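Here the structure comes first, spelled out in structure tokens, and everything after it is commentary.
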Amino acid sequence: MRKIMPLFAEAYHEFSDEQIHSPSLKRLRSIWQTCARGGLPQLADMMQHGLGDLDDRYSLKVPEGSGHFIYTHYGHTLARFSRQNLLGLTTRRLPADIRNFLVREYNKVILTGQPVFLISSGYEDSLDIWEWLIVPARMEGGLTVLVGMGEPRNMRDTLSDTILEASPDAIIAIQAIQDDFGTVYDGRIIALNESACRAMGKTRGQLIHQPLLAIFPQLQDNGIWDLCLEVLAARTAIRFDIDAQPLSFGLQRMTLFPMTGGLAIMMQDISDLSGEAVPLIGCRPSNISRFAAAAA
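Numbered per the working numbering, the sequence shown finishes at 358, counting up by one with no gaps.
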């Protein structure tokens, strides 16, 4: 069996269609939602609603006891993508690192009755990353089984987008806006992830391509905009903790780092961490750390 080398493996129990790239995975999710109707869908019902058309792309995993699963179906397209066929094998046969991750997530799906979206690295000689959708279904005898579908993404082209969208941290890319004399007086939001939209309580359409200070004038009052200007001028990153309750962001660890033509802001929710953050107003300079960062 080809060894799986998970450079990373992440599970998302709350996710949106925007995070899923594969049309087949989106279709599986739609089939599951249509057939679930507030409870676990019957596998036979899912087959009638289109799962049968995806026969070559999904795997079926049946609990075998002790928390492990046996693969009773493994589509030939899935086998071709993954360069292995797990039909008839159990999760015990997987390498320990990825086995522990998958078995844990599979059992969560059995326990909660809800799907999970997985992102992981590919195989040892591959630059692909994989996205998986695992959904629960019920056999005629009442046994809960797992339908899984996975497809690779090209790591070179989509890894950045994948990390951006999958990250629980809010990430915002800002283009600097200059006047006729080259002085930066505002910024325009040119990219952001779903976590940033949630943190700000706005939709992507309300934020993308909008002037930063028009949306958040508080940034000028609390000194954060001055720090943004410092990052742009010095081409070094700045990190600090801040109590951003007045902006409804909560306790945040903020990192500002330069990029070509602007800067990026990363906000990590640290509300559950011990430690004291500075107030939003007068937030600097004692707890601000600066570190070298190469511009993109």
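Glycine included, each C-beta is placed from N, C-alpha and C at the ideal position. Since we're looking at a predicted model, the values are computed, not measured.
- Counting C-beta atoms within 10 angstroms of its own C-beta, R166 has fewer than 16 neighbours from the protein chains shown and is therefore classed as exposed.
- In the DSSP assignment, A98 forms no beta bridge with any residue.
- When Cβ pairs closer than 8 Å are counted between the two stretches, the region 193-208 is seen to touch the region 122-131, the count reaching three or more.
- Linking L289 to A71 through their CA atoms gives a straight-line distance of about 34 Å.
- Between I181 and the set Q330, P103, L151 and I82, the nearest pair of CA atoms involves I82.
- Of the residues P103, H130, P214 and N162, the one whose Cα lies closest to the Cα of L140 is P214.
- Judged by DSSP in its simplified three-state form, I286 adopts helix.
- Note on Q314: 16 or more other CB atoms within 10 angstroms of its CB, so buried under the neighbour-count rule.
- Taking every protein chain shown into account, the CB of T265 has fewer than 16 other CB atoms within 10 angstroms, so this residue is exposed.
- In this structure D303 is buried. Its beta-carbon is surrounded by 16 or more other beta-carbon atoms within 10 angstroms.
- Taking 8 Å as the upper bound for CB-CB distance, Y133 and L148 are in contact here, some 4 Å apart.
- L274 and R250 do touch by the CB rule: their CB atoms are close to 7 Å apart, below 8 Å.
- Counting along the chain, F319 sits inside the beta strand (DSSP E) bounded by residues L313 to M321.
- The Cβ neighbour count for E193, taken over all protein chains shown within 10 Å, is at least 16; the residue is labelled buried.
- Setting aside the 5 residues that flank it on each side, A253 is surrounded in the same chain by A235, each with a C-beta closer than 7 Å to its C-beta; the list follows chain order.
- DSSP links D331 through a beta bridge to Q314.
- Runs of the alpha helix (DSSP H) lying entirely within the region 236-279, each at least 4 residues long, are 256-262, 266-269 and 274-277 in chain order.
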